[in-house]
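One structure is given below, encoded as structure tokens.
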Amino acid sequence: MRPRPPIKGRGIFSGTGLVIAALAATAAALLYPLWSYADRQNAADPTVLSAQAVTTPYGPLSAQDRDFITQVRLAGLWELPAGELAERKGTAAAVRSAGQHLVDGHTSLDAHVRTVATQLGVPLPNEANAQQKQWLDTLGATQGEDFDRRFAGTVRLAQGRVYTLTAQVRADTQNSLVRDLADDANATVLDHIKVVESTGYVDFAALAKDLAASPTPVATPRAVAPSAAVPVTPSSGDSYAMPPATASPPPTSSP
Numbered sequence: 233m234r235p236r237p238p239i240k241g242r243g244i245f246s247g248t249g250l251v252i253a254a255l256a257a258t259a260a261a262l263l264y265p266l267w268s269y270a271d272r273q274n275a276a277d278p279t280v281l282s283a284q285a286v287t288t289p290y291g292p293l294s295a296q297d298r299d300f301i302t303q304v305r306l307a308g309l310w311e312l313p314a315g316e317l318a319e320r321k322g323t324a325a326a327v328r329s330a331g332q333h334l335v336d337g338h339t340s341l342d343a344h345v346r347t348v349a350t351q352l353g354v355p356l357p358n359e360a361n362a363q364q365k366q367w368l369d370t371l372g373a374t375q376g377e378d379f380d381r382r383f384a385g386t387v388r389l390a391q392g393r394v395y396t397l398t399a400q401v402r403a404d405t406q407n408s409l410v411r412d413l414a415d416d417a418n419a420t421v422l423d424h425i426k427v428v429e430s431t432g433y434v435d436f437a438a439l440a441k442d443l444a445a446s447p448t449p450v451a452t453p454r455a456v457a458p459s460a461a462v463p464v465t466p467s468s469g470d471s472y473a474m475p476p477a478t479a480s481p482p483p484t485s486s487p
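For the sequence shown, the numbering used here assigns the number 233 to the initial residue and increments by one for each residue that follows.
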């Protein structure tokens, strides 16, 4: 039996079809990133990001800004008493010194955050959250060198979380008061990180694992009950000067 002759044009059409399909697939692959990028652009639109922002004389106040103000207050509500415990119970001089840094730093920073919250109308909690209370209870029940180690490890872990949040807020905020508070918090937390590390009791391997397992700060309540909020009036001891809504260069003195 003679072999059946090929149908004229079948090979050409088949080859052309493959070429067309390949070109279509290539075009789709090239266009998809553009569509995806357009979607991301819409998601990052400033009007979308500022949808939850509140207008203030000092610039927009975002949800992240408000959460940061609460976080700074919460940090002081547990780290200041933790510092007092370290001053009393620390067996090493470096631990007692770190405790003093915590007390001094958060006394000043808490006055600042209360003033900022007053100016921006942000209610603040007046007690630590559940996780922070547990940390304080553990430190209160611990003695000797075990206290030194637990104090250093717990405080350093908490400060690492807050330090990350502070940097993010400082980079993103459009509010001049929050920006100034982030600068103050950044300097305070960095000082505390250094003095706690100088105790020699920080286990950096364990710290890295804990930070990787829980990279974000301890969750804070989204709403503060009126009975649990501090008054929105600064105390007589608050001495922070409020930055102007729009910064201007200082006047130059004539020679």
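Just so it is clear, CB atoms sit at the ideal spot from N, CA and C, and this is done for glycine as well.
Model, not experiment: these values are computed from the prediction.
Counting the other Cβ atoms within 10 Å of the Cβ of Phe436 gives fewer than 16, which makes it exposed. Contact check between the stretch 399–410 and the stretch 304–313: fewer than three CB pairs, one atom from each, fall below 8 Å, which does not count as touching. Val345 and Thr374 have their alpha carbons spaced roughly 31 Å apart. Here Leu352 carries a helix assignment [DSSP, helix/strand/coil]. Out of Arg298, Thr350, Val286, Gly372, the CA that lies nearest to the CA of Ala314 is found in Gly372.
A straight-line Cα-Cα distance of about 30 Å links Ser340 and Ala444.
A distance below 8 Å between beta-carbons, with the five flanking residues on each side excluded, links Gln400 to the following residues of its chain, in chain order: Gln296. Assignment of Val427 by DSSP, reduced to helix, strand and coil, places it in the helix class. For the options Asp404, Val427, Asp380, the alpha carbon positioned closest to that of Arg320 is the one of Asp380. The beta carbon of Ala326 sits closer than 6 Å to the beta carbons of Ser430, Thr431 from its chain, once the five residues preceding and following it are set aside; these are given in chain order.
For Gly385, the CB contacts under 8 Å within the same chain, skipping 5 residues up- and downstream, are Tyr433, Val434, Asp435, Ala438, Leu439 in chain order. Distance from the CA atom of Gln332 to the CA atom of Arg382, rounded to whole angstroms, is 17 Å. If you draw a straight line from the Cα of Val335 to the Cα of Gly392, it comes to about 18 Å. Your pair Gly337 and Asp423 checks out as a contact, with CB atoms roughly 6 Å apart and the cut at 8 Å. Nearest C-alpha to Tyr395 among Phe300, Ala343, Thr323, Lys441: Phe300. When the five nearest sequence neighbours on each side are left out, the beta carbons in the same chain lying within less than 8 Å of the beta carbon of Trp367 are those of Trp310, Ala314, Thr386, Ala390, in order along the chain. Rounded to whole angstroms, the separation of the alpha carbons of Thr370 and Thr405 is 35 Å. Here the C-alpha atom of Ala285 lies approximately 10 Å from the C-alpha atom of Gly291. When the Cα atoms are used, Gly322 and Asp342 turn out to be separated by approximately 24 Å.
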